[in-house]
Structure formats: structure tokens, C-alpha cells
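Residue numbers (my numbering), protein chains in the order written: chain A, 52 to 371; chain B, 132 to 647. Glycine is no exception: its CB is placed at the ideal position from the N, C-alpha and C atoms. Keep in mind the model is a prediction, meaning the values are calculated, not measured. Here is the structure we will look at, set down as C-alpha cells.
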Amino acid sequence: MSIVNYLLSAFSIGIIFLLGATGEIITEKVGHLNLGIPGVMSVGATGGCIALQAMYKYRDVLPGWLIVLVALLACFICAGLMGLLYCFITVSLHSNQNVTGLALTTFGVGITKYEMSKLTRIGAHEYLYALPIFRQPFSDSTNALKYCGVMTFIALFIAIAVSFVLYRTKVGLNLRAVGESAATADAVGINVTAYKYVATIIGSGIAGFGGLYYIMDYAGSQEAYLSIEALGWLSVALVIFSLWKPLVCVFGSFVFGLLYIANAYAASILGITLPMKLTPIMKLLPYVATVIILVLTSIRKRRENQPPAGLGITYFREER
Amino acid sequence: MSTNTAIELRHITKRFGSVVANNDVSLEIRKGEILSVLGENGCGKTTLMNMIAGIYYPDEGEILVDGKPVIIRSPKDAFKYKIGMVHQHFKLVDIFTAAENIVLVDTEDKHYKMNAVNAKVKEIADRYGFNLDPKKKIYEMSVSEKQTVEIIKVLYKNSDILILDEPTAVLTPQETEMLFKVLRKMREDGKSIIIITHKLHEVLEISDRVAVLRKGEHIATVDTKDATESSLTEMMVGQKVSLNINRSEPVDSVTRLKVIGLSATSKDGVKVLDDINFEAKSGEILGIAGIAGSGQRELLEAIAGLQPLESGEIDYNDPKTGDIVNLRDKTPLQIRNMGVRLSFVPEDRLGMGLVGNMNITDNMMLRSYRKGKSIFVDRERPKNLAEEIIEELQVNTPGVTTPVRRLSGGNVQKVLVGREISAAPRVLMVAYPVRGLDINSSYTIYNLLNEQKEKGVSVIFVGEDLDVLLELCDRILVINSGRITGICDGRTVTKEEVGLLMTKSEKAEKEVSDGQ
């Protein structure tokens, strides 16, 4: 059963990347490269954990779904606030997006370390026990679907919904126009600033779910918060790997999952034991895949597979 | 007001800082007519139309649509009053299809049924005789197809007033014919069309009336049938204004630079330079006149080694050795290493000329950092040079360590010109050196150029103000769509003659040029 286990685990960890990357795709589609995603995911996780901790005492009184809902809401708000901060600096103050994003990551990861260490260390299993909706999905691989946590479905639903909105609605057309050419969008009367703010904030909120999912569902332990940053960078890489398309991202997240944990399953599946020295190198596989995709799409040069034309460009309305 | 008037402008004034772009302009556009707005570069014709289209807002005056005063603060407002403008630089999303770009303007449409949109676009295109596939992506389109998309964008919103900013600048003659046919059909349909242009023959061919602007003021509006090319040119360039710029006689003029058969094509496949032949002599100022974008920049960049050429030769006559060297296909560094003393003051001062974030000393070093044998740069000499320039040209700056971008336009230009002159050039090329400068700074620059001329430097001066060109330059080369249409004597030629050479169609151009 180790192959099934491998595939299921890959799917399971892929959900983290999927949530992070879907959020980042929305942001990039309005032309903003948010390198603060690792920080946003960390802060989202922190917000969710704080809410859970506060509600934990009432676990016997309140229904489980309400506690989870409040946690998700707290996570979305905290991550969304990070998005708002990013937007204020890059959209309203016209600051450099890369610098702002990196600063946001540093800030988000730092604040997470501080806040998370203050939380009482309730064993993660206690959370899980109390709140069966957050559950490691594949503890029983024979009946995987039954044990999927609710967030797995949320993630898949979000990816499909985002794809629908982007490519099948007028709002999506406007949104993509803003990211391709803000001046064009402005000239036809689309509120560029509003689109940028709303898209970035919603995108950040969704990315925040990725962090919370990792802590509560995949890792099942608050202690795992230190790894979120690395997973966040992988999410940013996944956006490139997916060619800025949310549906490709669903598939891409699975591929990233497979590559990310290849190391752990190499022994049981292939029957080979990799030397310890190779472990860190194996962790690089998703990045290697991203580079390969980048090279391939650059060679083919199809315009549809390129990043939004306005990505990273600060928009000023033309003044004389 | 009669109901025949579509838009009326009353006493419109627009200022940008201290520059008056439009001064007390009153103008009316009738229903079902084609009106040309004619004028030189910078005469305020685009600014005026931008105010109708909602890009700018007038400082004074009012705009009336159908006899009622309206406030147009954004393109969206303009659409509300059924006014649409096609800008010179197209605003289109490259990876969208034609129809997707067009439906963007329809902010009320929430349904987004692409099939219906495609059909409606096709219907509009067919009605006016455009040839357009609604599902074609913009990046696969030619310039003329992109223009079609822009025009249909306006028609899609049922606009009655269509403003076109230099629509033929990017089109081939055949495409221009097609466009005119479409415009006539739209006129029959009762729509008003405004064309911003400086091409006289097109004005005469297409429009019913012509409004002439000069230096931000409305000179007159005449019926096209009463106008001729020369009467329009006269209105466009106006009376000669005396500026009292010194001009000495050239002494010991010898050919310094000889350009033979220069041709170049831009990335889009448009011919930007077409068989350019001229000589620049030592001790004289050669002016280059022309409508903006006629190939002036490409010509200077070709000589400086920045513009790839298709054919032609650029021969430099070295005054020390008497050797003639060809500068074609050489990089700026190679040109300098060959001992050619060429200085270039580009149009884009803070883009190509100086680095805005660096201070004056560091900007001086951009030209000298290769000098010296040590691996460390020599800071002392550039610093002295910077101080010298600040002192001699009276650059208004707190010191040599001030970033250049903090200086005013005039001071930036002084720093740039000062640096270029300090290299003791034999050929000095300056592009629009007084653009945006106040009167005093402008005269400082003219004096500097004259000084260089008296030192025997061959000065090439690209200008836009004809009065300045006529008083400063010994000879004036007129360039029109990448071709030389005449080389005139700066002392005898009249403003009208130069104006005609700049704007005339190809047919009747040689008549006026009397060479030298």
C-alpha cells in the first residue's frame, strides 16, 4: 500500500501549495507580485490558531463546525490584513512590490514566531480529537475520502471557483485587464485601485488558509509553524509552474506534493535507501521542476502562458 | 444654439504648471461633419481634445454637449455623453481577443455572453466596412487592425462623437484610404468626427472644416473648400517672432560628418529613415526640423552608434589626421576608442543622458570612469569638473552630491550639456535641448552652442520651435516621415517654407527647397 500512501500524502501536502498558489494567482492577475505570501500564510495560521485556542474551552458547548468556521474567519481576516498592508504600500504609496513583499515575509514570519510561542501548548491531537472536521485526511488510507478534512474540499472548490470567475465572468475579464494593462482598464472606466485591493486581499486570505491547513490538518501540530515559510516559497514557485492558471494549479500542486515528499517514500517504493546527504537536494525537486517549466514555456513563447503583462509594474495614472 | 451643434467649447483654458497648453479656446463641432484640428507639435491640439474625452479637466471655460453645459471628469463621463477618443497609443490588452477588448468598455454588461458580443462586433464592423475578426487576439494583429478595434470600441458604446488622434501616423497609404472610406460612411450615419493631424493633404482630402491651433490658441476655423495648403501653413506657423539670438558667420567650414544613403527600419517594420544624405560642417550649426517622430531621434542615434542600420555610411573626417572613418555598425565605445570626439545630448535627459539617482559627480564619471590605470576610479577630476560646470553654467544646486533628479529641468540640462561639452567634442548633437526650459536657461544653452560653433565644432541641433531654428542655425535640414525634404539656408528661408516642407505630402516637396 505504500504507493497509495505516497499518492495520498502527496495530494494531502499539495493542498497547502494549492491554497497558497491560488491566492497568489489572484494577486498576480491584477499585476501585483506578492512575495509576502510565506509571511501571509504564517500570519493566517497564527490567526486561526489564536481563535482556536480561545474557543477551545467551549468545545463542549459549541458545535465543532462553528469553532472551525470562526478559526477560518480569523485566519482569513489576519491574512487579509497582511494583504491590505501590502496593497496600501504598493498600490497607494507606489512602493516597489518586490521589496515590500520580502519585507512582509520577514515581518509575517517574525510575528508568527512570537505569537505562536506564546500559545499554550495544547497537543495538536487534542484539537483534532475535539474537532473532527480538522483531521489528518489519510490516517486510514483504505478509506481516504471519508477522512479528508473539510479544508481539502474548500481548497479544491476555491481553485475551481477562481478559475470560473477569472475566465467566465465579466468581473474576471476586468480583473485580468487590470493586470495586463492597468492604463487600458483605467481608460475604459474600470476602477483599477479597487480591483487591485479586493483581489490582493481575497488572494491573501486564501493563501492564509494554506498556512492554517498545514498546522491543523497536515502537520496536526502548532509546533510546525516554522516550516510554513518554506512551503510559502514553494507556493510562489507553483504559480509559475501552473502558468498562472488555477486549474493547472490543482494538477501542479499534486506534482509538487509528489516531488516534495519523494525523499521519504523513495526507500519503500523503489527499495533504495538514499544517503542522508541527498535529502536536502531532494527537497529541491519542485524548484527544479519550476525551472524546467520556465525554460520550456520560454522556448515556446505562447503569449497565453506568459505572466500577466503588467506584473510588477506600478501604475500611475498619466499626468503631465 | 442651433441643434446642429454637437459640442461647443467656450473659452477653454488649460495650464500645466506655468505652461499654458490651451488659452481661451472656443470651438464648435457640428453634427455629421468631419473636423480637422490642425497644428504644430505642442500647439495644444491633443490637450484640447483630451479635455473633451475626459483625460484632462479644463481650468477655465465650459463644454456644452447638445447645447447643455456638461462636466466631463473621466473617460467614463465622456462615454455617457457619447464621446469616444482613439488615442495615438492604443490602449488594448494584448492577450485578449478583439471582442474581449471591446466588451471591456461596456461596464453595464454583467452577463458576459461572448457569442452575443462577437456577433455585435461583427455587425458593427460590417455596417461601416471594417474588416475584422472578433476572435482574433490583439497580439496577432497589424497596427491598422488594432486601430479598427479601438474605433469599434467607441462605436460599440453608440458614441456619436469620435475623436481620432493622428490616426494615419501609423498607417500605410492604402490603409489610410480604407480608414477615410469608413470615416465618410460614419459621417453619412450622422456621426461627428474630429481628426487631430498635421498632414495638410489629408486635411484637405477628408475634412469639412479645419480648426487651426497655434501655441495653444485657436487661430481660426475655416471651411476646407476655401483652404489651400499654403493658407493653412501660414495659419499654423504664424508670423515670425524675433528672438535676438546671436548668429556668427561660420569660419573655415570643412565637412566634418558626411551621411550617405542612411536607411533604417523599426522593430514594427516601419521605415524610420529613408535614404538620408547630408553633410555637417565644422563651425556651423545644422538645424534639423520636422514634426515629432519623423526620424530625428533615429538619425541622431544612428550617428551615435545606437540605431541599427539597413544601409548607408556615416563618414567622419578626423581633423587631426585628415583620415575618413566610417562609423556605421560601431558601438558608442568603439566610436570613442577610434578617437572620434562625438558628443550627444539626447532628448530623454534623465533616461539616456544622466542617471537621476546619482549625484552630479557620479554623472560626470559616467563619461570618464574608464580613464586611468588604477583599479580604483578617479573621483577627484570628475568632482572638479562638476564644480566647474556648476560655477560656469550657474547650475542651481545645493552641491555636487545632490542627486540629479532633484534638480529642475533647466539645471539638469545644464549639467548634461556641460558634461558633453567638457569632452571637447568635434561633433555635438543636441536633441530638443531647450524643451521645458525657461527663457534664461534657453539662452544659456543657445550661447553654449554658439560658443562651440565658434570653436569649430560641428553642431547638429534638433529643434521644434521654428523661430529658434531660423535664428540659431546656419542651415536647416527638414525631415518628413524619415526622408529629407529639403536643406535650407537658415538666413534666407522663411517660416512658411520650412513649415510646408515639414508637413507636405511627398509629391510637391522639392519645389521649395533651395539647398544652399
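So what does DSSP say about residue i, is it helix, strand or coil?
i         : result
Thr251(A) : helix
Leu302(B) : coil
Asp191(A) : In this predicted model, Asp191(A) has a pLDDT of only 47, less than 50, meaning its place in the structure is not dependable; the value taken from the coordinates is given anyway. Residue state, collapsed to three classes: coil.
Glu511(B) : helix
Leu223(B) : coil
Gly99(A)  : helix
Thr279(B) : helix
Ser273(B) : coil
Val299(A) : helix
Asp237(A) : helix
Val535(B) : helix
Met469(B) : coil
Glu628(B) : helix
Phe367(A) : coil
Here's the rule I'm using: 16 or more other beta-carbon atoms within 10 Å means buried, otherwise exposed. How should residue i be labelled?
i         : result
Ala245(A) : exposed
Asp296(B) : buried
His145(A) : exposed
Gln583(B) : buried
Thr359(B) : exposed
Gly470(B) : exposed
Trp116(A) : exposed
His220(B) : exposed
Glu551(B) : buried
Lys176(B) : buried
Val55(A)  : exposed
Thr303(B) : exposed
Glu171(B) : buried
Please list the partners that residue i has in chain B, where partner means a Cβ-to-Cβ separation under 9 Å.
i         : result
Asn225(A) : Leu235 and Thr238
Ala360(A) : Val224, Asp225 and Ile226
Give the residues of chain B in contact with residue i, contact being defined as C-beta atoms less than 8 Å apart.
i         : result
Gly240(A) : Ser205, Pro206, Lys207, Phe210, Val236 and Thr238
Lys27(A)  : No answer is possible for residue 27(A): the residues shown for chain A start at 52 and end at 371.
Glu355(A) : Ile226
Ala318(A) : Those within 8 Å of Ala318(A) in chain B number zero; the least Cβ separation is about 46 Å.
Could you name the residues of the same chain whose beta carbon sits closer than 6 Å to that of residue i, not counting the 5 residues immediately before and after it, in chain order?
i         : result
Pro109(B) : Since the first residue of chain B shown is 132 and the last is 647, residue 109(B) is not available in this structure.
Thr193(A) : Here Thr193(A) scores only 49 on pLDDT, less than 50, and its place in the model should not be relied on; the value that follows carries that caveat. Correct list: empty, nothing qualifies.
Lys268(B) : Thr228
Thr532(B) : Asn490
Pro89(A)  : Thr156, Glu280, Gly283 and Trp284
Here's a check: name, in chain order, each residue in its chain whose Cβ is nearer than 8 Å to the Cβ of residue i, leaving out the five neighbours to either side.
i         : result
Val588(B) : Ser413, Gly414, Pro556, Arg557, Val558 and Leu559
Ser290(B) : Phe210, Lys213, Ile214, Gly215 and Lys322
Glu308(B) : none
Arg205(B) : A small correction: the amino acid at residue 205(B) is Ser; Arg does not occupy that position in the sequence shown. Correct list, in chain order: Gly185.
Leu440(B) : Leu393, Ser394, Ala395, Leu404, Ala433, Arg459 and Asp460
Just to make sure I have the definition right: I need the residues of chain A whose C-beta is within less than 7 Å of the C-beta of residue i. Which are they?
i         : result
Val224(B) : Ala228, Glu231, Ser232 and Thr235
Glu171(B) : Per Cβ cutoff of 7 Å: no residues; Glu171(B) is ~18 Å from chain A at best.
Val231(B) : At residue 231(B) the sequence reads Glu, which differs from the Val that was named. Near Glu231(B) (Cβ distances below 7 Å), the residues of chain A are Leu224.
Quick one: Cα of residue i to Cα of residue j, how far?
i         : j         : result
Pro188(A) : Gly261(A) : Reliability of the predicted coordinates at Pro188(A) is poor, the pLDDT of 45 falling under 50, and the value obtained from them is presented with this limitation in mind. Spanning the two alpha carbons is a distance of roughly 15 Å.
Lys207(B) : Lys312(B) : 28 Å
Ile350(A) : Pro337(A) : 20 Å
Leu600(B) : Gly418(B) : 6 Å
Val222(A) : Arg480(B) : 41 Å
Lys241(B) : Thr575(B) : 59 Å
Leu207(A) : Val94(A)  : 22 Å
Ala517(B) : Gln357(A) : 45 Å
Lys247(A) : Val629(B) : 50 Å
Ile257(A) : Glu319(B) : 54 Å
Phe475(B) : Arg566(B) : 16 Å
Thr386(B) : Asp406(B) : 19 Å
Asp569(B) : Thr279(B) : 41 Å
Gln273(A) : Leu113(A) : 22 Å
Which residues in chain A sit within 9 Å of residue i, going by Cβ to Cβ distance?
i         : result
Glu159(B) : The contacting residues do not exist; Glu159(B) stays about 26 Å from chain A at best.
Glu478(B) : What Glu478(B) touches in chain A: nothing, since even the nearest Cβ is about 17 Å away.
Looking only at its chain, what residues have a beta carbon closer than 7 Å to the beta carbon of residue i, apart from the 5 residues adjacent to it on each side?
i         : result
Ile128(A) : Gly98
Ala288(A) : Pro337, Tyr338 and Thr341
Under 8 Å between beta-carbons, which chain A residues line up against residue i? List them in chain order, please.
i         : result
Tyr270(B) : Arg354
What do you reckon, is the C-beta of residue i under 7 Å from a heavy atom of the ligand PLP?
i         : result
Asn225(A) : No copy of the ligand PLP appears in this structure; indeed no ligand is present at all.
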